[in-house]
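Scroll down for the structure; my scribbles are underneath it.
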Amino acid sequence: MRLLVTGGAGFIGANFVHATVRDRADVAVTVLDSLTYAGSRESLTPVEADIRLVEGDITDAGLVGKLVAESDAVVHFAAETHVDNALADPEPFVRSNVLGTFTILEAVRQHGAGTPIRLHHVSTDEVYGDLPLDDPARFTESSPYNPSSPYSSTKAAADMLVRAWVRSYRVAATISNCSNNYGPYQHVEKFIPRQITNILTGRRPKLYGTGANVRDWIHVDDHNAAVWRILTDGAHGRTYLIGADGERDNLSVLRAILRLMGCGPDEFDHVTDRAGHDLRYAIDPTPLRDELGWRPRHTDFDAGLRATIDWYRTHEAWWRPIKDAVEATYAEREQ
Ligand code: NAD
Ligand code: TDX
């Protein structure tokens, strides 16, 4: 299989490429990534001899058309992904997430007219908005779209484009909406790596509001195993929700990090809450389990967190050069 992976130099994409190179000798991987602030060539260093990395933008129709024409399948991870950045400056989110997905869909439509080119579009549970804190309800694939943030609204728009291209042009696409990922190679702007690297650099962790907000955590390798399962066995046109029964409030996650890193339970700062902060996400992954037989393997959150902390401890060269600038941006916004 000739596989094009967009956003393969980002957090989830890089882990996907690593797993693919390790487990699937019959797959030739091309990564298309514009190496934004969130993308890192170094995240692909361990597999650089095994893949082709093309530095380019998913809104570049000429380049995307050429690469899609050479591919049997496309897994589309590339996106602007940080909610706080979207609140500060939404324009790149509209461009990359909406126009970028449109560009990929058009290339898949045009070049897949004879032999269909398989497309998997990677999306988020945030398209469904949020759930109340004190309610057992979870998102399902028939939950109504109700995005809250500039980020999630652009991901919702991209999902709608994919659905329309499936219906109107019979593009052979699937969509997955996954919950919050954690693991190695995640940018230090995101919650878990920010707190770990704050502690490692002598800063206090920062919790938005009271920390009662709930996220449904999944290890990035479990997410990527589900993406592979959907790519190979998923029904064309279908949406699958990916989650690993990992609901935890932010305060509990932070206290687990503090405990595992030898700090006291109150050694953190409460900072101003995020505007429009979604309360709770929770995924019902039943169809993925029952129809495709997927099961998460990283079910011990403490063990996954400990391994993630170890990774940041032993990969300081990967994150240290950007840490001060990320914290300087946060400090400006918090004023
Ligand atoms: P990330 O920000 O770590 O990586 C995104 C990658 O896309 C980067 O390498 C970046 O350079 C690249 N990129 C951005 N705009 C581009 C453009 N215009 N052209 C080419 N490349 C571009 O993101 P991530 O956390 O790895 O997320 C990957 C995908 O998974 C996204 O689509 C995101 O919406 C989705 N997702 C993420 C999570 C999560 O918890 N991180 C959960 C559910 C879904
Ligand atoms: O310093 C922080 N303190 C804090 O309390 C940061 C950065 C975040 N938070 C809170 C906000 C959220 O409730 O932690 C929670 C997680 O925050 P993020 O890591 O920014 O993730 P979230 O906003 O939930 O979105 C993530 O999951 C879904 C990804 O960034 C998205 O790309 C994905 O679609």
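Here numbering that gives the first Met the number 0 is used: position 54 in the sequence shown is 53, and no number is missing along the way. For glycine and all other residues, C-beta sits at the position ideal for the given N, C-alpha and C.
Residue i burial status per 10 Å Cβ neighbour count (16 or more: buried)
i    : result
H119 : buried
H314 : exposed
N197 : buried
H186 : buried
T29  : buried
E331 : exposed
A155 : buried
R346 : Residue coverage of the chain in this structure runs from 0 to 334, which leaves residue 346 outside it and unanswerable.
E54  : exposed
A324 : exposed
P135 : exposed
H110 : buried
D289 : exposed
A78  : buried
T5   : buried
D221 : buried
E125 : buried
H269 : exposed
H235 : exposed
G128 : buried
R166 : exposed
L304 : buried
E188 : buried
D56  : buried
P45  : exposed
L132 : exposed
T114 : exposed
D301 : exposed
R254 : buried
G9   : buried
A112 : exposed
D215 : buried
P264 : exposed
A106 : buried
T363 : In the structure as shown, the chain begins at 0 and stops at 334. Residue 363 is therefore absent and cannot be evaluated.
P146 : buried
Y261 : It is Gly, not Tyr, that sits at residue 261 in the sequence shown. With fewer than 16 Cβ atoms within 10 Å of its Cβ, G261 is classed as exposed.
D158 : buried
P183 : buried
Identified DSSP bridge partners for residue i
i    : result
V226 : Bridge partners of V226: none, in fact.
N180 : I217
Y311 : DSSP, once it has assigned bridges, lists no residue as partnering Y311.
I321 : Looking at the DSSP assignment, I321 forms no beta bridge with any residue, so it has no partner.
K205 : D268
L2   : V28 and A72
E54  : D32
F138 : I282
S39  : None; S39 has no bridge partner.
V121 : S175
L130 : R279
C-beta neighbour in chain C for residue i, strict 8 Å
i   : result
D25 : Checking the listed chains, one finds no chain C in this structure; it contains a single protein chain.
Would you list, in sequence order, the uninterrupted beta strand (DSSP E) runs of no fewer than 3 residues that lie entirely inside the segment 229–255? 238–241 and 246–248
Where are the beta strand (DSSP E) runs, 3 residues long or more, that stay fully inside the segment 62–101, in chain order? Qualifying beta strand (DSSP E) stretches, in chain order: 72–75.
Three or more C-beta pairs under 8 Å: does that hold for the segment 195–210 against the segment 139–146? no
Would the segment 86–93 count as touching the segment 15–27 if we require 3 or more Cβ pairs under 8 Å? no
Measuring CB atoms only, is the segment 63–76 touching the segment 29–46, in the sense that at least three cross pairs come out at less than 8 Å? Touching, per the Cβ criterion.
Quick one: any contact between the segment 93–106 and the segment 201–214, if contact means 3 or more CB pairs under 8 Å? no
Does the segment 272–281 come into contact with the segment 222–229, if we say contact requires no fewer than three beta-carbon pairs (one atom in each stretch) closer than 8 Å? no
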